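Read the structure below first, then the notes.
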Amino acid sequence: RLAARYAEGSPGRAIEVLESEILDRREQLFEGLTELDISSPVDIIEYGETLTGGDEGLAENIDVLRLFLRDVLVHKKTDSDEYIVNEDMYSAIREFAGRFSTDDILEQLDALEDDERMLERRVKPKLIAEEIGFRTASQ
């Protein structure tokens, strides 16, 4: 069911999601995000390393973060879980919705688009991932 939601209704994409490691990495990504000690630069850098995994791994993780932030926005606007993709992460979504303003979330989404463009320009994934970690911690 989660793979179908990630695939946004596309059967071919659902198969790709199931065959990839994206769902397993998603768990690791969210666990690291919810446990991130924003006062510790070492923790932030380690979280950045969790995001990497070569160009494709980071690109998929950016997609996971984007979908999570989308869910946070949906929750903020509807106060419901009806349209949430990451329904198993609803408690974390509620927490982030209370912690960040709509503008903060939109800034993060814009920054993720910039990160994707940097990845396309062959900027080292580790540098991009560390920037994501520090940017998340600064909000």
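In terms of our numbering, the numbers along the sequence shown are unbroken and rise by one, the last being 149. In this text, a Cβ means the ideal position worked out from N, Cα and C, and glycines have one as well. Since the structure is predicted, the reported quantities are computational estimates derived from the model, not experimental observations.
Taking the alpha-carbon of residue i as reference, which of the options has the nearest alpha-carbon?
i    : options              : result
R35  : M128, A69, I55       : A69
E31  : D47, E45, V74, T44   : V74
A102 : E117, S20, G42, R131 : G42
Apart from the five residues just before and just after residue i, which ones in its own chain have a Cβ nearer than 7 Å to its Cβ?
i    : result
L119 : R76, L79
E140 : I55, G58
Y190 : The shown model of the chain, from 11 to 149, leaves out residue 190, and the question about it has no answer.
D47  : D53
E97  : D91
Helix, strand or coil for residue i? Go by DSSP, reduced to three states.
i    : result
S148 : helix
D65  : With a pLDDT of only 49 at D65, under the threshold of 50, the placement of this residue in the model should not be trusted; the figure read from the coordinates follows. Helix, per DSSP.
I142 : helix
N71  : helix
R132 : coil
V27  : helix
S101 : helix
E18  : coil
F106 : helix
Y57  : helix
V52  : helix
L46  : coil
L92  : The sequence given here places Glu at residue 92; Leu does not occur at that position. Three-state DSSP puts E92 in coil, outside helix and strand.
Is residue j closer than 8 Å to residue i when the C-beta atoms are compared?
i    : j    : result
V84  : Y93  : yes
T62  : K136 : yes
A147 : I54  : yes
R125 : I142 : The amino acid occupying residue 125 in the given sequence is Asp; Arg does not appear at that position. In this structure, I142 lies closer than 8 Å to D125 by Cβ.
T44  : K86  : no
R145 : A121 : yes
I138 : M128 : yes
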